[in-house]
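Residue numbers (full-length UniProt numbering): 1 to 435.
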Amino acid sequence: MTTANVISRLIFSYTFALSLCIFEMVILELLSLLDPDTRKTAWRFYFTTMILSLIVILPLYQIFLFAYDYGARNKYSIPITLIIYMIYLVSFWKLTKPLYEDENTSPDLLDDAMERLGVVGVTVIALLSGFGSVSMPVTYLTPLLITKNSSATSQIDLIERKLQKTLDIICIRKRNIALAKRKIEENVPIQNNNNPGLFGRITGAFSGGPTNNVKNLEKDISEWSDEVSSLESVSEDIFAELQSACQDADQYTFSKSLKGRLFQLVGCFFSVYGVYKVIMSMFTILFVKEDAAKNKVDPVTRILSVVGKNLHTDTDLVYWSQQLSFIFIFVIIILSVRSLLINLQKVFKFLLRKVSPSTIIVFFSEIMGMYLIASVMLLRGNLPYKQREIISEHMGAVQFHFFQRWFDALFIVSAVLSIVVFFLFNKTKAYMGGI
């Protein structure tokens, strides 16, 4: 393992551990553990360390790896890194400026940096969440729509025979190309070494001779090569169709098992939640004013209030709101970290063929840190009022209502685009299946 790989892995581990520490501080605030001054010091330390890492350490090392990968060596690597970093820093500071002006607050440099990192992080979360709200119903509810029919197996067999026939034709054409190339190699030396007389050259001109045979073979090779390229493209499409048919069959079989039914139950819950989130985001953007959004009640307290009014109980809503909020936030944190790691793993596999692993790991570390800061900003809206104010105090003069509305707007855009993409994908898939 190279030194760059070791450093990149250490950076990722350090950023991940720091992210979990900040999530841990959210839980400590909910449980009111540790001394308030200790928690305040810990918040400031973790945020300061994370911001310095995301704005200084990680970008510098990221740019250095890029410069090194593209040929900057020895004494030129550091100056090039510093120049590109200054350009990056100015661009980052200009492009991530929040889209609001608040004359009543004058945030310090740390708060300003946190807001700019939050712009990127909230954008990433909104895009991933919008896609997830659409892909979740497609993934978990599609098996419910798949019906087992007698033609499913015969359809798979038909696709397999079509694929096998295409592969056989490709093999035959490649064999013909190899034989033609061998004949050319056998004819060319004969044509070069033999020195026919005047009569031989005259008869060769009228009969075609070796030269015309070679030209014909080269023409055949060109036509066969084009045919092989076309057939290979067709075989890839047929293989994708076969894979899709097999996946549908496997999904149907899995959906009938006990584990599959449990997965469908969980999927239905999150699918309903995703649809609810899309509707509420649209409602917030279109009808809820910013002043009302600032003072909205967290979901747990709102549900408990409705239940308490309908059941006419004397339950301590403040106590149960804190306890249930703790469980709710803990589940959100676990799902957020899991979702982030799964998406990073998918992107890593895609980029691994184009960029060095060290560069990808450092880039993911930076995305993860921004994701973390944005998650805390958005989690604040799901906390009871008391803990919400404490988190606001720890994060300085950050305008949380702006980031919530920014998230809702991008969430809707991402969800709509995801619906369009899935629709076009299914239409293309149906069209290709009918050819």
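Just so you know, even glycine gets a beta-carbon here, dropped at the ideal spot from N, CA and C.
From a predicted model like this one, the values you see are computed outputs, not experimental measurements.
Per-residue DSSP class, three states only, for residue i
i	result
leucine 34	coil
glycine 208	The predicted position of glycine 208 is uncertain, since its pLDDT is 49 and thus under 50; a value taken from the coordinates is nonetheless stated next. Note: glycine 208 maps to coil in three-state DSSP.
residue 520	Any property of residue 520 remains undetermined from this structure, which presents the chain solely from 1 to 435.
glutamine 399	coil
serine 356	coil
lysine 259	helix
aspartate 108	coil
phenylalanine 12	helix
arginine 201	With a pLDDT of only 46 at arginine 201, under the threshold of 50, the placement of this residue in the model should not be trusted; the figure read from the coordinates follows. Here arginine 201 sits in helix by DSSP.
Residue range of the alpha helix (DSSP H) that includes residue i
i	result
glutamine 62	58–69
threonine 81	77–95
arginine 380	That residue, arginine 380, is in no alpha helix (DSSP H); it is neither H nor E in DSSP.
serine 53	First-last for serine 53: undefined, no H or E at that position.
With 16 other Cβ atoms within 10 Å as the buried cut-off, status of residue i
i	result
phenylalanine 131	buried
aspartate 37	exposed
arginine 175	exposed
tyrosine 371	buried
lysine 277	buried
tyrosine 273	exposed
methionine 25	buried
methionine 395	buried
proline 59	buried
valine 266	exposed
tryptophan 43	buried
glutamate 232	exposed
isoleucine 279	exposed
phenylalanine 287	exposed
phenylalanine 423	exposed
tyrosine 76	exposed
alanine 178	exposed
phenylalanine 269	exposed
isoleucine 22	buried
isoleucine 373	buried
isoleucine 55	buried
leucine 10	exposed
arginine 380	buried
glycine 200	Reliability fails at glycine 200, whose pLDDT of 47 lies under 50, so the model's placement of it is uncertain and the value that follows must be treated cautiously. So glycine 200 ends up on the exposed side.
valine 90	exposed
tyrosine 385	exposed
Neighbourhood of residue i by C-beta distance below 6 Å, restricted to the same chain and skipping five residues each side
i	result
isoleucine 50	Checking the sequence, you will find methionine at residue 50 rather than isoleucine. Closer than 6 Å at Cβ, skipping near neighbours: Leu18 and Gly369.
threonine 284	Asp408
isoleucine 63	Thr81, Ile84 and Tyr85
phenylalanine 12	Ile361 and Ser365
proline 137	Ser271
threonine 359	Leu65
asparagine 390	It should be pointed out that residue 390 corresponds to isoleucine in this sequence rather than to asparagine. Hits under 6 Å: Glu29.
serine 8	Ser358, Ile361 and Val362
isoleucine 221	Ile177 and Ala180
isoleucine 156	Ala245
isoleucine 184	Val214 and Leu217
lysine 162	Ile238
Cutoff 8 Å; reference residue i; Cβ partners in own chain excluding five residues on either side
i	result
leucine 378	Val122, Ile125, Phe403, Gln404 and Phe407
leucine 167	Ser235
isoleucine 159	Ile238, Glu241, Leu242 and Ala245
serine 135	Ser418 and Phe422
tryptophan 93	Arg116
arginine 261	Ser255
tyrosine 46	Leu18, Cys21, Ile22 and Met25
leucine 110	Phe47, Thr48, Ile51 and Gly396
Residue i beta carbon near the ligand ATP (any heavy atom closer than 6 Å)
i	result
leucine 127	For the ligand ATP, the structure offers nothing, since it holds no ligand at all.
Contacting residues, own chain, Cβ-Cβ under 7 Å from residue i (five flanking each side not counted)
i	result
phenylalanine 411	Ala126, Ser129, Gly130 and Ser281
threonine 15	Ser53, Ser365, Met368 and Gly369
lysine 40	His394
glutamate 227	Arg173
glutamate 186	none
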